[in-house]
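Enquirer:
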Amino acid sequence: MGRAEKMFCVEHWNVEPDILCLGKAFGGGIMPAGAFIGSEKLWTPVFSNPFLHTTTFGGNPLACAAAIATINVLLEEGLCERARTVGDIFLSKLKSTIKPYTPHIALDARGKGLMLALEFPDTDIGFRVAKGLFREKILVAGTLVNAKTIRIEPPLTITLEQVDTVINALSKVLKEIASEMKVQFINESIVKPMPINNLQQTVLSRQL
Numbered sequence: 000m001g002r003a004e005k006m007f008c009v010e011h012w013n014v015e016p017d018i019l020c021l022g023k024a025f026g027g028g029i030m031p032a033g034a035f036i037g038s039e040k041l042w043t044p045v046f047s048n049p050f051l052h053t054t055t056f057g058g059n060p061l062a063c064a065a066a067i068a069t070i071n072v073l074l075e076e077g078l079c080e081r082a083r084t085v086g087d088i089f090l091s092k093l094k095s096t097i098k099p100y101t102p103h104i105a106l107d108a109r110g111k112g113l114m115l116a117l118e119f120p121d122t123d124i125g126f127r128v129a130k131g132l133f134r135e136k137i138l139v140a141g142t143l144v145n146a147k148t149i150r151i152e153p154p155l156t157i158t159l160e161q162v163d164t165v166i167n168a169l170s171k172v173l174k175e176i177a178s179e180m181k182v183q184f185i186n187e188s189i190v191k192p193m194p195i196n197n198l199q200q201t202v203l204s205r206q207l
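Right, dumping it as structure tokens:
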């Protein structure tokens, strides 16, 4: 929710889903909460009688309160817009950082908002990058199937200073791996703050 620049990522493709399942972030990190949302066309014939399907903890008042508060914070604090602004800066810096190591060590940096990913030639390199970042106190994770692609999914409130902390750690780790693999690279250096345009500055100054 909010991570990919919009409340729900499906909005990027102008799709109106028949079913939408929510979880994890829905509880705001406070309460386990999930929701199954269906269109009227789908819902009415299946659940014309609400007693056909019941749940033990469905409608838990504390979980519902946490979910409502989560939605309010995302909307009132403009976190979707913030994810887009900070995410654009973050992704640009990721691309610049891996460029000297492409294609021997890194292949691609991509994502939407603050749902970002780095892709490597194989799982071994991806694991080594993740392990190196762990050492630098940066928590990342591979996809569910392998470490060839690692996910970078920071809080939507991450600051630009924290973005640079991640970039500097990544730069250090890639340099170490390149040295171990005896791969030459060009003009790799510690990141410097990137100029921010007026729109980005307005959004950040309002929310930081």
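Using numbering that gives the first Met the number 0, the first residue of the sequence shown is number 0, and each one after it goes up by one.
Ideal Cβ positions, reconstructed from N, Cα and C, are used throughout, including at glycine.
1) Between Glu118, Pro153 and Gly33, which has its C-alpha nearest Ala146's C-alpha?
2) What residue range is occupied by the uninterrupted beta strand (DSSP E) comprising Gly110?
3) To the nearest angstrom, how far is it from the Cα of Ile210 to the Cα of Thr156?
4) Report buried or exposed for Pro16, applying the criterion of at least 16 other Cβ atoms within 10 angstroms of its Cβ.
5) Between Lys92 and Val162, is the Cβ-Cβ spacing less than 9 Å?
6) Using the beta-carbon count (16 or more within 10 Å), is Leu170 buried or exposed?
7) So the candidates are Gly26, Tyr100, Ala3 and Trp42; which of them puts its Cα closest to the Cα of Ala64?
8) Report the rounded CA-to-CA distance for Pro102 versus Asp121, giving the unit in angstroms.
Expert: Working from what's here:
1) Glu118
2) Asp107 to Lys111
3) The structure shown has nothing for residue 210, since the chain only spans 0 to 207.
4) exposed
5) yes
6) The identity of residue 170 in the sequence shown is Ser, whereas the question assumes Leu. With 16 or more other Cβ atoms within 10 Å, it is buried.
7) Gly26
8) 11 Å
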